[in-house]
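To convert, note that position 45 of the sequence shown is 45 in full-length UniProt numbering; the numbers rise steadily by one, no gaps.
Cβ coordinates follow ideal geometry from the N, Cα and C atoms, glycine included.
Predicted model, so just to flag it, every value in this text is computed and none were measured.
The structure appears below as structure tokens.
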Amino acid sequence: MKEIYFNHDGNIDDLVSYLLLLQAPNIKLLGVGAIDADGYIDPSVEACRKMTDRFNLRNDKLEIARSDSRAVNQFPQEWRMATYSFNYLPILNERGKIDTPEAKLPAHLDMIEKIKNADKPITLVMTGPLTDLARALDHDPSIENKIEKLYWMGGSLNRHGNVMQVNADGTQEWNAFWDPFAVKRVFESSIPIQMVGLESTEELPLSDKLRQHWASLRKYPAMDLVGQGYSLIVSVPTAELYLWDVLTTMSALYPEIVETREANAKVITNGLSAGSFEEVSDGRKVTLVTNANKELFFQKMDELLTSAKLK
Numbered sequence: 001m002k003e004i005y006f007n008h009d010g011n012i013d014d015l016v017s018y019l020l021l022l023q024a025p026n027i028k029l030l031g032v033g034a035i036d037a038d039g040y041i042d043p044s045v046e047a048c049r050k051m052t053d054r055f056n057l058r059n060d061k062l063e064i065a066r067s068d069s070r071a072v073n074q075f076p077q078e079w080r081m082a083t084y085s086f087n088y089l090p091i092l093n094e095r096g097k098i099d100t101p102e103a104k105l106p107a108h109l110d111m112i113e114k115i116k117n118a119d120k121p122i123t124l125v126m127t128g129p130l131t132d133l134a135r136a137l138d139h140d141p142s143i144e145n146k147i148e149k150l151y152w153m154g155g156s157l158n159r160h161g162n163v164m165q166v167n168a169d170g171t172q173e174w175n176a177f178w179d180p181f182a183v184k185r186v187f188e189s190s191i192p193i194q195m196v197g198l199e200s201t202e203e204l205p206l207s208d209k210l211r212q213h214w215a216s217l218r219k220y221p222a223m224d225l226v227g228q229g230y231s232l233i234v235s236v237p238t239a240e241l242y243l244w245d246v247l248t249t250m251s252a253l254y255p256e257i258v259e260t261r262e263a264n265a266k267v268i269t270n271g272l273s274a275g276s277f278e279e280v281s282d283g284r285k286v287t288l289v290t291n292a293n294k295e296l297f298f299q300k301m302d303e304l305l306t307s308a309k310l311k
């Protein structure tokens with residue numbers, strides 16, 4: 001049985017990833033930390049507490065940790081607003097109260113505590129910036145030996161980025177750009193890393209056909225929440241969105257849904273390319289996801305979402 005710690009940055013893909021982790025069989029979810037990046041921290045923490053109240057299928061003993069990490073480069077405000085709307089969805093609020101507590105420790109210290117108290121080396125799933133892990137490693141380097149593998153959504157090894165602003169050259173992915181120095185610190189560790197970059201999910205676009213699929217299954221409470229959540233995201237044709245975070249999470253649960261290759265990557269920390277990666281012979285070894293089995297991915301995702309029962 002995998003023991004998992006989940007750290008995310010609170011946008012729709014992250015919250016859907018958390019919902020899937022709450023439904024997954026044969027795992028133990030040790031803890032959850034939210035960082036103030038792609039989604040605002042207050043509604044992100046609240047939404048996770050409400051989701052735990054309603055969808056904690058395995059009855060894992062959970063509390064939600066709030067990160068106090070700060071950005072080097074903050075996400076655009078208009079991207080971050082969706083978390084507030086998600087937190088207001090009726091299915092999360094009809095009980096009128098929240099029982100799941102907020103953790104007493106900030107997220108990077110909560111991560112250390114949960115990792116050190118685990119029965120065996122844990123699986124770490126991170127769908128946002130790596131800052132909390134970098135701070136945790138600085139605070140207590142011994143946790144490095146208790147992390148079996150890190151699954152991270154971040155970066156891009158083909159120089160195709162999604163950061164479009166004056167202090168960037170467009171080759172960066174946002175989770176890496178948020179804090180390039182944290183990426184460097186984590187890459188200096190010996191933790192095995194599986195990386196889902198921007199190039200990893202071309203088979204999994206957020207399409208109208210997919211939205212209709214979720215709508216057709218809204219009789220299932222978790223599927224309804226997913227459909228409602230993704231309805232908050234409106235993209236333009238030139239900025240098509242993919243299920244990056246969900247693929248990262250699902251690949252941790254079901255490794256067979258992805259194909260990978262080994263790569264040697266080095267992150268740039270300064271200048272207009274800060275947050276982008278170079279694939280170089282002396283770089284840090286990572287496992288890069290190259291393809292997803294679309295049919296198996298959605299089969300497993302549907303299985304998890306249709307299995308959920310409201311509490």
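Residue from the options whose Cα sits closest to the Cα of residue i
{"i": "Val280", "options": "Phe6, Leu272, Tyr5 and Ile268", "result": "Ile268"}
{"i": "Phe277", "options": "Glu199, Gln212, Asn117 and Ser231", "result": "Glu199"}
{"i": "Asn11", "options": "Arg218, Tyr40, Ala24 and Pro106", "result": "Tyr40"}
{"i": "Met250", "options": "Leu124, Ile191 and His139", "result": "Leu124"}
{"i": "Val166", "options": "Pro76, Asn87 and Arg159", "result": "Pro76"}
{"i": "Leu304", "options": "Tyr220, Lys97 and Asp208", "result": "Tyr220"}
{"i": "Gln74", "options": "Lys146, Ile147, Val163 and Ser190", "result": "Val163"}
{"i": "Trp79", "options": "Asp9, Val45, Ile147 and Pro90", "result": "Asp9"}
{"i": "Ile91", "options": "Ala222, Leu22 and Ala252", "result": "Ala222"}
{"i": "Ile147", "options": "Asp179, Gly161, Trp178 and Lys114", "result": "Lys114"}
{"i": "Leu272", "options": "Ala252, Glu295 and Gly161", "result": "Gly161"}
{"i": "Leu253", "options": "Thr83, Gly197, Tyr151 and Asp282", "result": "Tyr151"}
Per-residue burial, residue i [other beta carbons within 10 Å of its own, 16 or more giving buried]
{"i": "Pro129", "result": "buried"}
{"i": "Ser69", "result": "buried"}
{"i": "Leu310", "result": "exposed"}
{"i": "residue 317", "result": "With the chain running from 1 to 311 in the structure shown, residue 317 is simply not present."}
{"i": "Asp38", "result": "buried"}
{"i": "Met1", "result": "exposed"}
{"i": "Pro25", "result": "exposed"}
{"i": "Gln299", "result": "exposed"}
{"i": "Asp14", "result": "buried"}
{"i": "Pro43", "result": "buried"}
{"i": "Ser190", "result": "exposed"}
{"i": "Lys97", "result": "exposed"}
{"i": "Arg54", "result": "buried"}
Contact belief for residue i with residue j at Cβ below 8 Å, rounded distance in angstroms
{"i": "Phe297", "j": "Leu225", "result": "Contact doesn't hold; Cβ gap of about 19 Å is too wide."}
{"i": "residue 317", "j": "Glu3", "result": "Nothing about residue 317 can be read from this structure; the chain reaches only from 1 to 311."}
{"i": "Tyr230", "j": "Arg211", "result": "6 Å"}
{"i": "Gly33", "j": "Asp110", "result": "6 Å"}
{"i": "Val186", "j": "Leu133", "result": "6 Å"}
{"i": "Leu243", "j": "Thr306", "result": "The pair is not a contact, with the Cβ atoms about 17 Å apart (cut-off 8 Å)."}
{"i": "Lys120", "j": "Ile143", "result": "Going by Cβ atoms, the distance from Lys120 to Ile143 rounds to 13 Å, so no, they are not a contact pair."}
{"i": "Ile112", "j": "His139", "result": "6 Å"}
Close Cβ partners of residue i (< 7 Å) along its chain, the five nearest in sequence each way excluded
{"i": "Ser85", "result": "Leu232"}
{"i": "Val286", "result": "Ile193, Met195, Ala263 and Ala265"}
Separation of residue j from residue i, as counted between CA atoms
{"i": "Ser156", "j": "Thr171", "result": "8 Å"}
{"i": "Ala118", "j": "Asp245", "result": "24 Å"}
{"i": "Ala47", "j": "Lys104", "result": "17 Å"}
{"i": "Ile35", "j": "Arg66", "result": "7 Å"}
{"i": "Asp169", "j": "Leu288", "result": "23 Å"}
{"i": "Asn293", "j": "Ile257", "result": "5 Å"}
{"i": "Arg49", "j": "Glu188", "result": "33 Å"}
{"i": "Ala136", "j": "His108", "result": "5 Å"}
{"i": "Ile64", "j": "Pro101", "result": "7 Å"}
{"i": "Tyr88", "j": "Lys149", "result": "34 Å"}
{"i": "Met81", "j": "Glu173", "result": "19 Å"}
{"i": "Arg284", "j": "Phe6", "result": "23 Å"}
{"i": "residue 320", "j": "Asn93", "result": "Because the chain here runs from 1 to 311, residue 320 falls outside it and cannot be looked at."}
{"i": "Thr52", "j": "Arg58", "result": "10 Å"}
{"i": "residue 348", "j": "Met301", "result": "No answer is possible for residue 348: it lies beyond the span of the chain, which begins at 1 and ends at 311."}
{"i": "Lys209", "j": "Thr201", "result": "17 Å"}
{"i": "Val45", "j": "Asn56", "result": "15 Å"}
{"i": "Ile27", "j": "Asp179", "result": "30 Å"}
{"i": "Gly197", "j": "Thr83", "result": "23 Å"}
Residues of its chain near residue i, where Cβ-Cβ distance is below 6 Å and the 5 sequence neighbours each way are ignored
{"i": "Asn291", "result": "Glu259"}
{"i": "Ala176", "result": "Gly154, Gly155, Val183 and Gly275"}
{"i": "Phe181", "result": "Thr269"}
{"i": "Arg159", "result": "Thr171"}
{"i": "Ser17", "result": "Thr127, Asp245, Val246 and Thr249"}
{"i": "Gln23", "result": "Leu57, Leu304, Ser307 and Ala308"}
{"i": "Thr131", "result": "Ser69, Asp179 and Ala182"}
Same chain only: Cβ atoms within 8 Å of residue i, ignoring 5 sequence neighbours per side
{"i": "Ala215", "result": "Gly227"}
{"i": "Leu241", "result": "Pro205, Leu206, Ile233 and Ser235"}
{"i": "Asp282", "result": "Asn264 and Lys266"}
Check: residue i C-beta below 7 Å from any heavy atom of the ligand SAH
{"i": "Phe181", "result": "With respect to small molecules bound, the structure shown includes none, and the ligand SAH cannot be examined in it."}
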